[in-house]
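Residue numbering for the sequence shown follows this note's numbering, starting at 4 and increasing by one per position. Where a beta carbon is used, it is the ideal one built from N, C-alpha and C, also for glycine. Note that this is a predicted model, so its numbers are computed, not measured.
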Amino acid sequence: MKILLPILFFITLSIGNLLGNELLKNGDISRGSSGWKGDRKIISIADNKLIEVKVSNKSIRSFTQEEIKCKGLKDVTLIFRYRASKDYNGRGMTVRFRKENYGTIYSSSKIVNDGNWHDYKWEFDQIKDSKKLDLIIEIKEGAGTVYFDDFSLVPN
Ligand SMILES: [Ca+2]
């Protein structure tokens, strides 16, 4: 039984993932721009599709996935990864969740420009009674290019 329980737990988790705990559509960008709106270009690097954003020194660039169903959920975890070109220089990014009543909750962070992929993670616990969320990624004014891939939003 001591061995069986962890195995059962693992199987339950795996089935949960297969049944679609993932709340985002096309988080890995494998289906191109499907599900994503805004200032994003889909590019392919070694058969992997990802989002490319050219940073502007005049205005914020942003892209969005709208109407993410979250009825009955309390806490969710957002993860994605990003890579900035080495010539990136800017004011960083803001991640926003816009709720049904149009209230938004945001979190700002720097963008590291060492040319490597970096993981982003936000445990978001402010869904309250909202049945839907919009996820908005904003890249503030600056110069250079930022790439995004492998978005995931799952209930905690
Ligand atoms: Ca991808």
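For Arg34 and Ile54, the gap between their C-alpha atoms comes out near 11 Å.
Tyr105 carries a coil assignment under DSSP once its states are collapsed to helix, strand and coil. Setting aside the 5 residues that flank it on each side, Trp120 is surrounded in the same chain by Arg84, Arg86, each with a C-beta closer than 6 Å to its C-beta; the list follows chain order.
Residue environment analysis places Gly75 among the exposed positions, since fewer than 16 neighbouring C-beta atoms fall within 10 angstroms of its C-beta.
Between Ile139 and Arg99 the beta-carbon gap is near 4 Å, inside 8 Å, which marks them as a contact. No Cβ-Cβ contact shorter than 8 Å links Gly30 with Phe127. In the displayed model, Gln68 falls within a strand according to three-state DSSP.
CA-CA distance, Lys57 to Lys113, rounds to 16 Å. Sixteen is the threshold: when 16 or more other Cβ atoms of the shown chains lie within 10 Å of the Cβ of Ile130, as they do, the residue is buried. By the CB criterion at 8 Å, Thr97 and Lys143 fall inside the cutoff.
Checking the 7 Å criterion, the Cβ of Lys131 is out of range of every heavy atom belonging to ligand 1. Note that the C-beta distance between Cys73 and Lys28 is not below 8 Å. Straight through space, the alpha carbons of Thr80 and Gln68 are spaced by roughly 15 Å. With respect to Ile32, Asp122 sits apart: the two C-beta atoms are not nearer than 8 Å. For the pair Lys40 and Phe66, the CB atoms are nearer than the 8 Å cut-off. Fully enclosed beta strand (DSSP E) runs of no fewer than 3 residues occupy 96-102, 107-112, 121-127 of the stretch 82-132, in order along the chain.
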